[in-house]
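In my numbering, the protein residues as written are -11 to 65. For reference, the structure is listed below as structure tokens.
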């Protein structure tokens, strides 16, 4: 089987940016503090309330973006 191509401009994690709120299956909700690299090699430093800062490989972290509280309130109005 051929290795996966790392083509430029094809970053599956580009929608995750610093200050985004995310949910991790083990650590719960947190905020992206730093983004390192791009594409398959992307790493995030995420601050979690209970667990502190964690450095996570994006492809293994299974992070889900969550809406900030302000956005949820604005949608109901």
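Note that the Cβ used here is the ideal one computed from N, Cα and C, for glycine as well.
Quick one: using the 10 Å Cβ neighbour count with 16 as the cut-off for buried, is residue i buried or exposed?
i: residue 18; result: buried
i: residue 6; result: exposed
i: residue 46; result: buried
Kindly indicate which three-state DSSP category residue i falls into: helix, strand or coil?
i: residue 52; result: strand
i: residue 27; result: helix
i: residue 17; result: strand
i: residue 8; result: coil
Could you name the residues that DSSP lists as bridge partners for residue i?
i: residue 33; result: 22 and 43
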